[in-house]
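Asker: Going by full-length UniProt numbering, 11 is the number at position 11 of the sequence shown; the sequence numbering is gapless.
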Amino acid sequence: MHTRILLKVFGCFHKIERGDNHEKCGYCFFIHGTWRSYSNVTSNKLRRSYMKIRDYREEDQASWLRCRVLSFMDSSYFDDVQRDREKYDNPVIQIVAVDHNGVVGFLDCEYEEKQGDVCYFKGDRGGVIWHMGLLPDYRGQGLATAMWHAAKKRLKENHVHRVEVWTQDDLEATRWYLKQGFVFKEAYLNAYLKGSLGDPTLKKFLNLQDCGDIFGIRSLNFEAPIERKEELADICYRLHEVRVYEAEL
Ligand SMILES: CC(C)(COP(=O)(O)OP(=O)(O)OC[C@H]1O[C@@H](n2cnc3c(N)ncnc32)[C@H](O)[C@@H]1OP(=O)(O)O)[C@@H](O)C(=O)NCCC(=O)NCCS
Numbered sequence: 001m002h003t004r005i006l007l008k009v010f011g012c013f014h015k016i017e018r019g020d021n022h023e024k025c026g027y028c029f030f031i032h033g034t035w036r037s038y039s040n041v042t043s044n045k046l047r048r049s050y051m052k053i054r055d056y057r058e059e060d061q062a063s064w065l066r067c068r069v070l071s072f073m074d075s076s077y078f079d080d081v082q083r084d085r086e087k088y089d090n091p092v093i094q095i096v097a098v099d100h101n102g103v104v105g106f107l108d109c110e111y112e113e114k115q116g117d118v119c120y121f122k123g124d125r126g127g128v129i130w131h132m133g134l135l136p137d138y139r140g141q142g143l144a145t146a147m148w149h150a151a152k153k154r155l156k157e158n159h160v161h162r163v164e165v166w167t168q169d170d171l172e173a174t175r176w177y178l179k180q181g182f183v184f185k186e187a188y189l190n191a192y193l194k195g196s197l198g199d200p201t202l203k204k205f206l207n208l209q210d211c212g213d214i215f216g217i218r219s220l221n222f223e224a225p226i227e228r229k230e231e232l233a234d235i236c237y238r239l240h241e242v243r244v245y246e247a248e249l
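(1) Mark Thr-167 as exposed unless 16 or more other C-beta atoms lie within 10 angstroms of its C-beta, in which case mark it buried.
(2) Per DSSP, Val-81 is paired with what?
(3) Cβ of Thr-145 versus every heavy atom of ligand 1: is any distance shorter than 7 Å?
(4) Distance, Cα to Cα, Cys-119 vs Phe-72?
(5) Taking 8 Å as the threshold (C-beta atoms), are His-161 and Gly-126 in contact?
(6) Does DSSP put Glu-231 in a helix, in a strand, or in coil?
(7) Just to check my reading of the structure: Tyr-177 and Tyr-245 have Cβ atoms closer than 8 Å, yes? What is that Cβ distance to the nearest angstrom?
(8) To test your reading of the DSSP string, which unbroken beta strand (DSSP E) runs of 3 or more residues are found completely within the region 204 to 229?
(9) Give me, in chain order, the residues of the same chain whose beta-carbon lies closer than 6 Å to that of Asn-221; leave out the 5 immediate sequence neighbours on both sides.
(10) Is Leu-134 near ligand 1 - that is, is its Cβ less than 7 Å away from at least one heavy atom of it?
(11) Roughly how far, in whole angstroms, is the beta-carbon of Leu-135 from the beta-carbon of Val-104, given that I think they are within contact range, below 8 Å?
(12) When the Cα atoms are used, what is the spatial distance from Ile-235 to Thr-201?
(13) Can you give me the Cβ contacts of Asn-21 inside the same chain, cut-off strictly under 6 Å, excluding the 5 residues immediately before and after it?
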């Protein structure tokens, strides 16, 4: 009984269902420090019977934050870890996909009350998808599409006519946005350099004489025009295209 309660506190039902091999449960990540496939926990059938697409609630916060970290782990946003839920300045539609263990997917879309308040491009009243992701083992079942349809319905009810999204060069996400009718508009680079202080490339990018006493550069992260892609690809240890897409509703 005691184990049962303890496991419920951590959002894990694996031991209750299987009774063994508790370490294989994805939701025990924070106990065991490793991410393992959630498919070991329960069957697709059982998952679907609990699955709901609904509005985010305050009490989802911890589960939402954990889901975001794990959903981005295999994407170019792996190091974009958010430890608190932001407060939006404008109205926002926050949709989650949940099963009996908590949040497994999320989509936040902030939208304008006044034109120009949220969007990068000028035009009709618009919104921006700031966060979207699904835990890896819940992908390919139409859950992101279902969350997007729920968000779109609400956006239209609020007279929002277009939505923008900023995303990097992840194939899965790019394919998904294109399939939903998003159209590529423009891009810039998200570039990362590192090295020792004697490195001629770093010297070119930094005025090291004015830096004071430092030992080396762990990571120099900067944005650059897309036209510099070829040149920066040769010297950066990490380089992403950041692309903005737009969809008419
Ligand atoms: C991009 C992402 C959110 C898509 O989520 P998803 O839930 O897998 O998306 P969907 O299931 O709606 O669509 C994906 C595929 O499932 C298919 N699908 C849709 N409904 C389905 C259903 N009922 N059963 C089975 N498959 C289905 C879709 O046709 C699509 O396949 P296709 O592209 O080969 O045609 C997800 O890959 C992800 O979280 N990626 C990492 C995080 C990330 O990059 N986020 C974006 C940052 S801006």
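Beta carbons: idealized from backbone N, C-alpha and C, even for Gly.
As the structure is a prediction and not an experimental result, all values here were calculated from the model.
Answerer: Let me spell this out:
(1) Locating residue 167 in the sequence shown gives position 167, counting from the first residue. Taking every protein chain shown into account, the CB of Thr-167 has 16 or more other CB atoms within 10 angstroms, so this residue is buried.
(2) The count along the sequence shown starts at 1 and reaches residue 81 at position 81. In the DSSP secondary-structure assignment, Val-81 is not bridged to any residue.
(3) Numbered from its first residue, the sequence shown carries residue 145 at position 145. Yes, Cβ of Thr-145 sits closer than 7 Å to a heavy atom of ligand 1.
(4) Residue 119 sits at position 119 when you count from the first residue of the sequence shown. Residue 72 sits at position 72 when you count from the first residue of the sequence shown. Going by the C-alpha atoms only, they are around 23 Å apart.
(5) Position 126 of the sequence shown, counting from 1, holds the residue named residue 126. Position 161 of the sequence shown, counting from 1, holds the residue named residue 161. Judged by beta-carbon spacing, His-161 lies within the 8 Å limit of Gly-126, meaning their Cβ atoms are closer than that value.
(6) Stepping through the sequence shown from its first residue, residue 231 is reached at position 231. DSSP places Glu-231 in the helix class (H, G or I) of the three-state scheme.
(7) One-based indexing of the sequence shown puts residue 177 at position 177. One-based indexing of the sequence shown puts residue 245 at position 245. Right, the Cβ-Cβ distance comes to about 5 Å (below 8 Å), so this counts as a contact.
(8) Those beta strand (DSSP E) runs which fall completely within the region 204 to 229 and span 3+ residues are 216 to 225.
(9) Taking the first residue of the sequence shown as 1, we reach residue 221 at position 221. Short of 6 Å from the beta carbon of Asn-221, and not among the five residues preceding or following it, lie these beta carbons of its own chain, in chain order: Tyr-192.
(10) Position 134 of the sequence shown holds residue 134. True, at least one ligand heavy atom lies under 7 Å from that Cβ.
(11) Taking the sequence shown and counting its residues from 1, one reaches residue 135 at position 135. Taking the sequence shown and counting its residues from 1, one reaches residue 104 at position 104. Taking 8 Å as the upper bound for CB-CB distance, Leu-135 and Val-104 are in contact here, some 5 Å apart.
(12) As a position in the sequence shown, residue 235 is number 235, starting the count at 1. As a position in the sequence shown, residue 201 is number 201, starting the count at 1. Roughly 7 Å separates the two Cα atoms.
(13) To locate residue 21, count along the sequence shown from 1; it is residue 21. Confidence at Asn-21 is low in this model, with a pLDDT of 36, below 50, so its placement is unreliable and the value that follows should be read with caution. Closer than 6 Å at Cβ, skipping near neighbours: no residue.
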